[in-house]
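This report concerns only the one structure given below.
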Amino acid sequence: MASGEAPPEITDSVRQQASDLGWEDGLIDRALAQGHALQVILGALQTNVGGAQAKAFLDQERSNPSLDWMTAPTEWGVRGTPSDAEMGLQIGDVMVGSYGEIPDVWTNRTEIARGSHPAEGQEDMGYTIFEKAIVWTDSAPSLYERAIRDRWAAATDLGWRSLEALPDEIERAICQLLTEQSERAYAEATVLGRWLPEISYGFVEVKLFLGSVIYDLGRHAEAFRKRALANGGGLGLQAPSHFIRGAIEARTFPELMAYLFVQDSTLLTLFGAAQDFAQNQLERDLYRFVAADRERIMEYQIDRLSSFLEKLPDRRAEQNRYLRKAEVRLAREWRDAAVSEPLALLLGGGEQGLAAGGAALTQLRRRQIEEYLAHLESAGFTRERLHSGLAAYLEGEPGA
Amino acid sequence: MSAAPETGELDLSWLDLYDEPTAAEPTNKGLTLEAIDIGPYASRDEAPRDMTSRLRGAKPREGALRQGLSYQTRADVWADQCRSLYEEAVQRQWSSARDIPWDTLHELPDETERAMCQLSTMLAEVEFIAGDVPGQWLPAISGEEFEVGLFLTTQIMDEARHADVFRKRALANGGGMLAQGAALGLRNLLDAKDFTEMSVLMHVQAEGFVQSMFRMGELIGPTQADKRIFRMAAQDESRHLAFGVMHLKHVLTETPERREEIHHYLDKAEGEAAAGGGGDVTFPPVFESLALLLGGGKGRFDEGIAKLLLLRKRQVKEYLHRLDVAGLGDRRERLGPALAQFADA
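Sequence lines, in order, name chains A and B. When you read off a place in the first sequence, starting at 1, and then add 29, the result is the number in our numbering. When you read off a place in the second sequence, starting at 1, and then add 5, the result is the number in our numbering.
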């Protein structure tokens, strides 16, 4: 404030605000006298700087913090320790005492970290998932840690310089297969990402795991694209769009997961069988990495469905609707030429071997469906009326 | 296109889509996203777009379904270097379980342990939201700019690890989770209705403030484990911050008419919380625990406050510098009052 300039006028409401925050009488005037702009003082009030802090700031006196947070009534004295020296300090290791108790229903609507003491008056963050049965699996903490332990990098963990030219038709079949798979992986990551803000902090370990899944799927999309562009081919026709549209349409997390169960299971089988269509060591390594990541996704899927059905048995029949919707769309996409023919060509070893490749593909599809049904059985769910478009593969009539 | 090779009915038209053979060459950093950004598959401003889930360069499929709204202009989401930031993120993933020397944790004075647990509790909240936000925006990124989406997947992973590591820290040394600590600011990040709004508030402002704090981790952390946590987390935050600065720069270059709009987002955020979405450092549990850690105990609380004020000055100085680099140097003239008091004259 320039010398001789009149001090700015402090309104009664500002003085009241200061008083409410514990500012002693005269502190505002003193701040002005010490040269602080009114704007700065208003800013301090706006951000709830308490009276003691404001005074300490002004006179450099010894501060007198409240330290109320030190006595927050949360559990004190628990200590997480590594249960497995190789794995280090896992998130499951700090699920100790009350911090390891996952509530059946999480009731806090803010972003409060599970186990901490709530502050009054915090905002609702808009979560919609508060029931343990919807998302939780006891395996999520260890799945998350395994995902981090098993990380790999497409740029440097695959032998890109080992690639050798392949016959055009083979290279193009690989490129078409991986154009499709790149899009499927990326799309699934985006769908799952959209659900993260729905899940409340009560189930933080599940969110950590889903974060690793989204990251894995992004890397799959990246790696498949790189392979398609690395050996004289390019990108082919975009993937069919009906299956992923169904996932985007899901109205609830259980619907989404039931729907994706079908793709997650059948793709795990596909990549697990990739030694039958991989053309070189790079592809064998790539598919092995992808299958290992997808094993974790499937384990979560099975555990979640199992737990969900156990806790909410009245929702068992409903799952058939989501599974059927997914099966209908999957069967339709399996009949798509750009989906089935590249695989048949690779399985048959080239255009000349397409007939044999077609037969091998029928076997692969049968195995995918059998393992899908087995995965459902592992979750305690018997799929009694498999969609006819998939059942045909079990009956040896895939063209039906 | 429908066929069933199992029955001998073939189409094979997909074999005829390759008129420009492409063979990307690995670099000394492996086969990177930059290495495959070539020929017809390279990112560009003008590209046919369709709101389907098609990724850039794939041939459009007749009758493909639209999958919901996504940005149809590159400038709305793009950041130069998003590809290299993605690759760096993949290479520099770390494990909170094994890369932190947990065995260096040791018995601390009760007040110090509680302060570290309080700070960790606050950060476990902040990082939780920081993972939700990019997840929310993934579907809005067009397949034409899929590299931006890939970068966001790495951020989701990074933030999960941060929420995880601060939770572990609170629970690994005889302490626990203390008072809910983030207070105001986090909703701003979730409330954003535009990608650039989100990015400038989260990547540039909130993560910038957190980054400045993490970089003082040598002073804040009482043990080697704590110092390492801050160092590793700061490394991740640097990438997020770089993305935000580069995105803002791109937006201001390509669409300079958005300058005032972006100022409005910052006006709102700076007016509502002293550290934006980086947590409210004036909230007593945060303010006091930081001051206690920086000072070295309750008995040296005033020294802690002095260092905390330096931290605040550093946060604001670096924030303004980043905005300057992005082309928003005029922010200094309209900085919100809660921050202006810490800005150099």
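Using N, Cα and C, we set each Cβ at its ideal position, and we do this for glycine too. Since the model is a prediction, treat every value here as computed from it, not as a measurement.
- Residue environment analysis places Asn178 (chain B) among the buried positions, since at least 16 neighbouring C-beta atoms fall within 10 angstroms of its C-beta.
- Under the three-state reduction of DSSP, Asn33 (chain B) is assigned to strand.
- At a Cβ-Cβ threshold of 8 Å, Val153 (chain B) and Val82 (chain B) count as neighbours.
- For Arg61 (chain B), the closest of A:Gly126, A:Leu246 and A:Gly265 by C-alpha to C-alpha distance is A:Gly265.
- Excluding residues up to 5 positions away in sequence, nothing lies with its Cβ nearer than 8 Å to the Cβ of Gly72 (chain A) in the same chain.
- Residue pairing by DSSP leaves Ala238 (chain B) without any beta bridge partner.
- The shortest CA-to-CA distance from Arg305 (chain B) to any of A:Ala389, A:Asp153, A:Pro102 and A:Pro94 is the one to A:Pro94.
- Within the same chain, Cβ atoms closer than 6 Å to the Cβ of Lys312 (chain B) are found at Leu299, the five residues on either side in sequence being excluded.
- In this structure Glu234 (chain A) is not in contact with Ala194 (chain A), their Cβ atoms being roughly 47 Å apart against a cut-off of 8 Å.
- Ala355 (chain A) and Leu415 (chain A) have their C-alpha atoms spaced approximately 11 Å apart.
- By the C-beta criterion, the stretch 227–234 of chain B is judged not to be in contact with the stretch 62–69 of chain B, since fewer than 3 inter-stretch pairs fall below 8 Å.
- For Gly35 (chain B), the closest of A:Asp322, A:Pro269, A:Met124 and A:Ala182 by C-alpha to C-alpha distance is A:Ala182.
- Counting the other Cβ atoms within 10 Å of the Cβ of Arg49 (chain B) gives fewer than 16, which makes it exposed.
- Around the beta carbon of His404 (chain A), a 10 Å sphere encloses 16 or more other beta carbons of the protein chains shown; the residue is thus reported as buried.
- Our two residues, Lys318 (chain B) and Ile163 (chain A), have alpha carbons roughly 45 Å apart in a direct line.
- Proximity to Ser89 (chain B) across B:Thr37, B:Leu74 and B:Gln72 peaks at B:Thr37, based on C-alpha coordinates.
- Under the three-state reduction of DSSP output, Leu340 (chain B) falls in the coil class, being neither helix nor strand.
- Nearest CB-CB separation between Gly136 (chain B) and chain A: below the 8 Å threshold.
- Straight-line spacing of the CA atoms in Ser241 (chain A) and Leu143 (chain B) works out to 15 Å.
- Nearest to Ile41 (chain B) by alpha-carbon distance, out of A:Gly231, A:Gln45 and A:Asn260, is A:Asn260.
- Judged by DSSP in its simplified three-state form, Lys64 (chain B) adopts strand.
- Among the CB atoms of chain A, one or more fall inside 8 Å of the CB of Tyr46 (chain B).
- Taking C-beta atoms as the reference points, Ala307 (chain A) and Trp19 (chain B) fail to come closer than 8 Å.
- Exclusion of the five residues before and after Arg220 (chain B) leaves Ala239 as the residues of its chain whose Cβ lies within less than 7 Å of its Cβ.
- Straight through space, the alpha carbons of Glu51 (chain B) and Gln205 (chain A) are spaced by roughly 25 Å.
- Exclusion of the five residues before and after His271 (chain A) leaves Arg358, Arg361 and Glu362 as the residues of its chain whose Cβ lies within less than 8 Å of its Cβ.
- Between the alpha carbons of Asp197 (chain A) and Asp179 (chain A) lies a distance of about 34 Å.
- Ranked by Cα distance from Phe410 (chain A), the first of A:Ser369, A:Leu311, A:Ala385 and A:Ser336 is A:Ser336.
- Listed in chain order, the positions of the stretch 137–170 of chain A with a beta carbon within less than 8 Å of a beta carbon of chain B are Thr139, Glu140, Ile141, Ala142, Arg143, Gly144, Ser145, His146, Pro147, Ala148, Gln151, Glu152, Met154 and Gly155.
- For Gln75 (chain A), the closest Cβ of chain B is nearer than 8 Å.
- Ala184 (chain B) is bridged by DSSP to A:His146.
- At a cut-off of 8 Å between beta-carbon atoms, Tyr23 (chain B) makes contact with chain A.
- From the beta-carbon of Ile41 (chain B), the residues of chain A found nearer than 8 Å are Arg254, Lys255, Leu258 and Ala259.
- Neighbours of Lys173 (chain B) across chain A, judged by C-beta separation under 9 Å: Gly109, Leu118, Gln119, Ile120, Asp122 and Val123.
- Annotation: Cβ neighbours of Thr57 (chain B) in chain A (cutoff 8 Å, chain order): Gln267 and Ser270.
- Between the beta-carbon of Ala389 (chain A) and that of Leu376 (chain A) there is about 4 Å, and that keeps the pair under the 8 Å contact cut.
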